[in-house]
Amino acid sequence: MSEVKPRKKGISSSKTSEGSQKAEKHSNYGKLASPRTSNNHSSFCMDSRTSLSIISLAVCLVVSWFLFQQSGQFADLERKYNFLHQEAGKILDMGNKVNLISEKCEKTWNLMKQLEDLQMISHIKYLQEDIYTMKTWSSSIIKKQEELEKNLTSLFHAVSSAEHNAASTAKNVTLAIVTVKTDIRRISGLVSEMTALTDSLQTLEDKVEEGEKATVKNIGELLTSSIDRSTKIQSLASSNARKIEQIKTALSELRSNFSKHSDRLLNLEGDRAKVLKTVTFANDLKPKMYKVKKEFAILEPLINDLTLRIGRLVEEALRREKEIALLNEKLANLTRVQTEIKDLKDEITKISEIN
1 MSEVKPRKKG ISSSKTSEGS QKAEKHSNYG KLASPRTSNN HSSFCMDSRT SLSIISLAVC
61 LVVSWFLFQQ SGQFADLERK YNFLHQEAGK ILDMGNKVNL ISEKCEKTWN LMKQLEDLQM
121 ISHIKYLQED IYTMKTWSSS IIKKQEELEK NLTSLFHAVS SAEHNAASTA KNVTLAIVTV
181 KTDIRRISGL VSEMTALTDS LQTLEDKVEE GEKATVKNIG ELLTSSIDRS TKIQSLASSN
241 ARKIEQIKTA LSELRSNFSK HSDRLLNLEG DRAKVLKTVT FANDLKPKMY KVKKEFAILE
301 PLINDLTLRI GRLVEEALRR EKEIALLNEK LANLTRVQTE IKDLKDEITK ISEIN
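The UniProt record's numbering puts the first residue of the sequence shown at 1, with every later residue one more than the last.
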C-alpha cells in the first residue's frame, strides 16, 4: 500500500507539470500574436509616410523644373531690357544730332543776313553746302528711325513668345498641384495634417500678394523713368519743329531782302556784268529754295508720325512690363512655396519620428 501511494503522487505531479507546460505554450502563442499585430500597424504607418514623402518629392521636382525654365526666360527678358536701354540711348543721340542741325540752320540764317555785303557769292556757296549737309542728316535720321522701328517689332514678338511660354508652364504647374492635392486627400488618417497645410498655404498666398505689390511698385518706378525720357525726346522734336518754322520765316525775309538787293544792283552802272551774274545765280537759287521748302513740309508730318509711334510703343512697353512683373511675382511666390514645403517636410519627419 505504501508503494501504491507514492506512484499515485508521481502520476498526479506529472499531470500537473503537463498542464503547466500547456498553459505556458498558450501564453507564448498569445505573446507571438500580439507583436504580429503591432508589426502590421507599424507597416501601415510606414507605407503612409513613404507615400507622403514620395508625393512631396514629386512636388519639389516639378517646382524646381518650373523655376529652372523661368530663370532662363527671365535672363532673356533682362537681355531684352538692356537692348531697349541701348535703343533709348540711340534715340537721345538722334536728338543731339537734330540739335546740331538746328545750330547749323541758325548759322545759315546769320550768313544770309551777311548777304547785304559785296561777298554774296562766297556766302551763297556756303549756304549750298549747309543745305546739302542738312539733307544728308535728315536722310540718315529717317534711316535710323526705320531701324529702331524694326528692332521694336522684333522685341514685341520675342516678349509675346515668352509670355505664351510662361502661361503654359504656369498651367502645367497648377495641374500638377491639383493632382497632388487629390492624392493627399485620398490618404486616410491625415485630415488634421492637411488642415495645417492649407493654413500654411493661405499664409503663403498672403506673403505672395505682398511680394507682388512690392515688385509692381518697382516696375512702376522704372516705367515712370522711361516715360520721362520719352517726354524729353518729344519736347526736343517740338523744339526742332519750331526752329524749322523760324528758318522758313528767315528764308522768306531773305527773299524780300534779295529782291531789294537786286534792285540796288540794277541801279549800279559801273558793275553791270557782275550784277548780271549775281541775278542769274539768284534765279538758279529760287527753284532750289522752293525744293528746300517742300522737303521741310514733308519732314513735318513724318515727325508727327514718329511722335505718335513712339507714344504707342511706350504704351505697349508699359503693358508688357506689367505682365513681366506679374510673372516675376509668381516666381517669387513659387520660391517661397518651396521653402515652406521644405519646412513642412521637416515637420512631417519630426511627427513621424514622434509617432
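The beta carbon of each residue, even a glycine, is placed where N, CA and C say it ideally should be.
Remember, predicted model here, so these are calculated numbers, not experimental data.
Asked	Found
Rounded to whole angstroms, how far is the Cβ of N240 from the Cβ of S140, which I believe are closer than 8 Å?	With 8 Å as the limit, N240 and S140 do not qualify as a contact, their Cβ atoms being about 15 Å apart.
Apply the 10 Å Cβ neighbour rule to R98 and answer buried if 16 or more other Cβ atoms are within range, or exposed otherwise.	Checking the sequence, you will find Val at residue 98 rather than Arg. So V98 counts as buried.
Please tell me whether R242 has its Cβ less than 9 Å away from any Cβ of chain B.	Note that chain B does not occur in the displayed structure, where there is just one protein chain.
Assign I247 to buried or exposed, taking buried as 16 or more other Cβ atoms, counted over all protein chains shown, within 10 Å of its Cβ.	buried
Inspect the beta-carbon positions of I91 and L302 and report whether they are closer than 9 Å.	no
Please tell me whether L52 and I354 are closer than 9 Å, where the distance is taken between their beta carbons.	no
Comparing C-alpha positions only, which one of D346, I351, I341 sits nearest to V62?	I341
For a quick check, are the C-beta atoms of L299 and I227 less than 9 Å apart?	no
Apart from the five residues on each side of it in sequence, which residues of its chain come closer than 7 Å, Cβ to Cβ, to S352?	R49
Which of helix, strand or coil does DSSP assign to E3?	Because the pLDDT at E3 is just 42, under 50, the model does not fix this residue reliably, and the point stays unresolved.
Exposed or buried, L148, counting other C-beta atoms within 10 Å across all chains shown (16 or more means buried)?	buried
Under 8 Å by Cβ, that's how I've got W109 and A250 pegged, so tell me the actual separation to the nearest angstrom.	5 Å
Apply the 10 Å Cβ neighbour rule to V279 and answer buried if 16 or more other Cβ atoms are within range, or exposed otherwise.	exposed
What's the C-alpha gap between K350 and S56?	15 Å
Give a yes or no on whether the C-beta atoms belonging to K207 and R336 are separated by under 9 Å.	yes
Pick from D305, N328, Y132: whose alpha carbon is nearest that of M234?	In the sequence on display, residue 234 carries Gln and not Met. It is D305 whose Cα lies nearest to the Cα of Q234.
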